[in-house]
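For the record, in the sequence shown the residue sitting at position 63 is 209 according to the numbering used here, with numbers rising by one throughout.
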Amino acid sequence: MRVFEGLINIESILDHIEDSIFAIDPSGLIRYANPAFCRLLGYQEDEILGLDIQELVADENIFSTCMVSVKRYGYCHNQETLLRHKSGSLIHVVKNVRSVEDKNGTVSSILVSMRDLSEVDR
147 MRVFEGLINI
157 ESILDHIEDS
167 IFAIDPSGLI
177 RYANPAFCRL
187 LGYQEDEILG
197 LDIQELVADE
207 NIFSTCMVSV
217 KRYGYCHNQE
227 TLLRHKSGSL
237 IHVVKNVRSV
247 EDKNGTVSSI
257 LVSMRDLSEV
267 DR
């Protein structure tokens, strides 16, 4: 028995997950954002697609460390960081990052899943 029978499109699955998920291209532009990610940062989907992820990153050092790990190992796991909400406020998250390669082994995108830690901080 197939668990996801009838859910043909992976985006329809990602759209219903409560964790924030987004994908960037190798240059850092956001190419996919699920509704949870848009809500977390206060953007509409059409506002966030095409943004450079560095516009949302509050700590450049943490971002750089993660990207070095992704280039070297293909992933960066359980890294806490701060993102900027559209309003300018900071959001504390934990993220998991993985590179996605095409059939030739070239990184085609970077997939990020994250969870808001703001409630834990209170």
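In this text, a Cβ means the ideal position worked out from N, Cα and C, and glycines have one as well.
Note that this is a predicted model, so its numbers are computed, not measured.
For the 7 angstroms CB-CB criterion, TYR221 and ARG244 form a contact. Counting the other Cβ atoms within 10 Å of the Cβ of THR252 gives fewer than 16, which makes it exposed. When the alpha-carbon of MET260 is set against those of GLU226, GLU191, GLY234, the nearest one is in GLU226. Around the C-beta of ASN207, fewer than 16 other C-beta atoms lie within 10 Å, and the residue is accordingly described as exposed. Annotation for ILE237: the continuous beta strand (DSSP E) segment containing it runs 236-247. Per DSSP, ASN180 is not a residue of any beta strand (DSSP E), being assigned neither H nor E.
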